[in-house]
Amino acid sequence: MFLKIADKENCKINAELLEKTMNQIKYLLFILISIVCVETNFAQINQDITRVGTTAAQVLKITPGARALGMGTAYVGVSDDIYSTYFNPAGLTRSKGNSQVAFNHSSWLADINYDFAAASINVDELGTLFATFSSLRVPKDEVRTFEYPEGDGRTWDANSLVIGVGYARSLTDRFSVGFHFKYVQESIWNSSASGIALDIGTYYITPFNDLVIGASISNFGTKMQLDGRDLQINIDPNDSPESGPNNIPGQYATETNDLPLNFRVGLAMNVVDTRYFRVKAAVDAVHPNDNKEYLNTGLEFSYNSMVFLRGGFKSLFMPNSEQGLTLGFGINYNLTPELEFT
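Below, the structure is given as structure tokens:
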């Protein structure tokens, strides 16, 4: 009697596990097929044209996070910390702790500054909520003309701003989805453009040695077009001040530009995982709308989850790429914040 009851319970548990696994696969296929269908509509018709330099809001292409940079930005399958908000928002459900905060600051040539900040919090029975901020600023400079090569007394500057909020949730113990909504604004002198973008990500841990399959589509959104008083002009249709209407208000019409859409698919797995040593390998395939397809690869070696050495190769197979080998290291000691360098 007892054995019969036990057999029934085992059958019930196995059926539940099978149903759960099938649901995971259905969720994964649905999201991935949806992403691929959307991305295909934006694929380049002529594969010989790279469209380099044809998209707006280049600030969206600046990669934050020393760990990701050290691994050659092969991160869509790694995404297990706050920087998954950039690569794959679904991975944020795998981050450690109930909340995370990150700040990045980079000073470049010509006093150009880039800043990135992100914060997340896990809410029971709801999921993970997060907010992001990034900006790129060009400092003020003199307005120079042919008549006044040293400056005419006016100044100009330029900046880009991205503010985002998002949500990630584990649908099962192995499958997660995430969304990131962003407001994008760019300005130069007295003209500006704005747009709205959406990131969608999926994160699936397979039964095969916990191999992670990650996929994301980034910056799917509206076109951007500069507008402002710098584009305003006065027109004389007859080109003569003595006849016809003069000084008719007019405005230059600028072109509209797409956002830098990216479709990423990546794999990540611990190829070595012992008590003290761990080696994580990752590879991403990237399809942008303003360049050729390419691969990113990365490795992370860790000792006792305290010392990390990283290496990678960025933009493999991209024609005329100026990127390549990346290296980095990190230190994580007790409860102190992680220190990362690249």
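So for the sequence shown, this note's numbering puts the first residue at 1; every next one is plus one. All C-beta atoms in this analysis are idealised placements derived from N, C-alpha and C, irrespective of residue type, glycine included. Please read all numbers here as calculations on a predicted model, not as lab measurements.
Residues near residue i by beta carbon distance below 8 Å, same chain, minus five either side
i	result
Lys140	Thr155, Trp156 and Asp157
Thr222	Gly195, Ile196, Ala197 and Leu259
Glu39	Here the model assigns Glu39 a pLDDT of 49, short of 50, so the residue's position is not dependable, and the following value carries that caveat. Same-chain partners within the cutoff: Ile217, Leu261, Phe263 and His287.
Residue burial classification, residue i (beta-carbon count within 10 angstroms, cutoff 16)
i	result
His287	buried
Leu325	exposed
Ala215	buried
Val52	exposed
Pro249	exposed
Thr85	buried
Ser107	exposed
Ile59	First, the residue type needs correcting, since residue 59 is Val and not Ile in the sequence shown. Burial call: buried.
Asp111	exposed
Phe308	buried
Glu300	buried
Gly153	exposed
Gly97	exposed
Leu126	exposed
Pro245	exposed
Per-residue DSSP class, three states only, for residue i
i	result
Thr54	coil
Arg94	helix
Ser84	helix
Pro288	strand
Lys314	strand
Gly328	strand
Leu109	helix
Gly65	coil
Leu60	helix
Glu70	According to the sequence shown, residue 70 is Gly rather than Glu. If DSSP states are grouped into helix, strand and coil, Gly70 belongs with the helices.
Pro139	strand
Pro89	helix
Val78	coil
Thr172	coil
Met306	coil
Tyr148	coil
Pro249	strand
Glu300	strand
Thr132	strand
Leu261	coil
Tyr333	coil
Asp115	strand
Arg154	coil
Gln323	coil
Ser160	strand
beta-carbon residue i near the ligand NAD non-hydrogen atom, thresh 8 Å
i	result
Gly153	For the ligand NAD, the structure offers nothing, since it holds no ligand at all.
Own chain residues within Cβ distance below 6 Å of residue i, not counting five before or after
i	result
Gly298	Met71, Gly72, Ala74, Ala282 and Gly312
Asp284	Ala74, Val76, Arg264, Gly266 and Asn296
Phe87	Tyr75, Val76 and Ser79
Gln323	Lys314 and Ser315
His105	Asp115
Gln100	Ile82 and Ser120
Thr128	Leu92, Thr93, Ser120, Asn122 and Ala168
Thr254	Gln225 and Leu226
Ala117	Phe103 and Phe133
Ala131	Ala119 and Val165
Ile45	With a pLDDT of 48 at Ile45, under the threshold of 50, the modelled position of this residue cannot be trusted, and the question is left open.
Gln251	Leu231 and Gln232
Neighbourhood of residue i by C-beta, 7 Å cutoff - its chain only, sequence neighbours within 5 removed
i	result
Ile213	Gly77, Tyr204, Thr206 and Leu267
Ser187	Ala158 and Asn159
Asn257	Thr54, Thr55, Ala56, Lys223 and Met224
Asn304	Tyr276
Handout entry: Given 8 Å, three or more beta-carbon pairs between the stretch 134-146 and the stretch 159-170
Key = At 8 Å Cβ cutoff, the stretches touch.
Exercise for the section: Specify whether the stretch 145-155 and the stretch 171-182 touch according to this definition: at least 3 beta carbon pairs, one from each stretch, less than 8 Å apart. Expected result: A contact is defined here as three or more CB-CB pairs under 8 Å, and the stretch 145-155 fails this definition with respect to the stretch 171-182.
Practice task
Pair every Cβ in the stretch 81-96 with every Cβ in the stretch 308-322, then say whether three or more of these pairs are closer than 8 Å.
Solution key: No, the stretch 81-96 is not in contact with the stretch 308-322.
Exercise for the section: Could you tell me whether the stretch 230-246 touches the stretch 196-216, where touching means 3 or more Cβ pairs closer than 8 Å? Expected result: Under the three-pair Cβ rule at 8 Å, the stretch 230-246 does not count as touching the stretch 196-216.
Exercise for the section: Decide yes or no for the touch test of the stretch 222-237 against the stretch 84-96: beta carbon pairs closer than 8 Å, at least 3 of them. Expected result: Contact fails: fewer than three Cβ-Cβ distances are below 8 Å.
Problem - Length-filtered (3 minimum) beta strand (DSSP E) runs lying within the stretch 181-236 - result: The DSSP assignment places complete beta strand (DSSP E) segments of no fewer than 3 residues inside the stretch 181-236 at 191-205, 212-221 and 232-235, in order along the chain.
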